[in-house]
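So the sequence shown is numbered by our numbering: it starts at 760 and just counts up by one. A virtual CB, placed ideally from N, CA and C, is assigned to each residue, including glycine.
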Amino acid sequence: KTLDLALAIRDRYAIQPLVHFTCVGAGRSDIQRHLDRVRALGLTDILALRGDPPKGQTDFVPAPDGFSYANELVEFIASQGGFSIAVAGYPEKHPAASGFDSDVQNLKRKIDAGASLVITQLFFDNTAFFRFSDALGSLGTDIPVVPGILPMTDPSQIEKMAQMCGASVPQRFAAELRASSDPAKTGVDFAIAQCRELKARGVKGFHFYPLNKAKAVAA
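In structure tokens:
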């Protein structure tokens, strides 16, 4: 359904969509067919992700003749020509990474393979984003980095976010969210403050994670 939605966004709103694509369960021939269809539809922008292991599996197992890492997928897409490729970055490191520095090096491999944009995992501590951006810049990379923002409106999400993607939640914000009589407003206000600080430091745009709660993003 990803391509159906992408076409609807393009045709209804005249916006060039960024097509989400993972290589979970897909070999090179599968990926090639998908890229050929994307190209035939006139779509040019792809968010290339390795993807998470399927539900019930703890380790990522590539499909026969598939890819084990996102940089391999990026290199394959880039070799086709005509696509702009975005990749994922992790301000607080990927949960499976051995450390922050090694994870930034992994991101550099994706950039060197052909990526021209980084979209980050969600985070709630802007200092983590600034540290991440500085570390990437120190490696000689200057491509745009788009911060991922989640307006967290439900206190029960706090532990889930930490477990799911390794995003730490500042203790003060967590306490305010739990004590608030209107957690939705508290979460939205916090996200607005995040964006204002990031914009003041030169960030040009944002990627919002609605988690099927579009009202919070609209607010």
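Fill in: For Thr761, the three-state DSSP class (helix, strand or coil)
helix
Practice prompt. Look up Leu766 in the DSSP assignment and say whether it is helix, strand or coil.
Written response: helix
Worksheet entry | Which residues DSSP lists as bridging Phe780, in chain order | Ala807
Worksheet entry | Leu881, enclosing beta strand (DSSP E) - first and last residue | 876-881
Worksheet item: Along the chain, which unbroken stretches of the beta strand (DSSP E) at least 3 residues long are found entirely within the segment 814-890?
Response: 843-848, 876-881
Worksheet item: Under 8 Å, do Ala855 and Ala829 count as touching if we go by C-beta distance?
Response: no
Practice prompt. Counting only the same chain and skipping the five closest in sequence on each side, list residues whose C-beta sits under 7 Å from that of Gln839.
Written response: Leu794
Worksheet entry | Beta-carbon gap between Asp884 and Pro942 smaller than 8 Å | no
Item to complete: For the beta strand (DSSP E) containing Pro906, list its first residue and its last residue.
Response: 904-908
Discussion item. In this structure, how does DSSP classify Phe949 when only helix, strand and coil are distinguished?
Written reply: helix
Worksheet item: Is the Cβ-Cβ distance between Thr781 and Arg809 less than 8 Å?
Response: yes
Fill in: Extent of the continuous alpha helix (DSSP H) to which Ile917 belongs
916-924
Practice prompt. Report the three-state DSSP secondary structure of Gly896 (helix, strand or coil).
Written response: helix
Item to complete: Could you say which of Lys852, Pro910, Glu834 lies nearest to Ala845 if we only look at CA atoms?
Response: Glu834
Practice prompt. Let me know if Pro776 comes out buried or exposed under the rule of 16 or more other beta-carbons within 10 Å of its beta-carbon.
Written response: buried
Item to complete: Provide the residue span of the alpha helix (DSSP H) that contains Lys974, from first to last.
Response: 973-977
Worksheet item: Run through DSSP, which three-state label would Phe932 get?
Response: helix
Practice prompt. Look at the alpha carbon of Phe700 and the alpha carbon of Lys852, and state the distance between them as a whole number of angstroms.
Written response: Outside the displayed range of the chain (760 to 978) lies residue 700, so it cannot be described from this structure.
Worksheet item: How about Val778 and Leu802: are their beta carbons less than 8 Å apart?
Response: yes
Discussion item. Buried or exposed for Gly964, going by 16 or more other Cβ atoms inside 10 Å?
Written reply: exposed
Worksheet item: Can you tell me whether Gln864 is buried or exposed, with buried defined as 16 or more other CB within 10 angstroms of its CB?
Response: exposed
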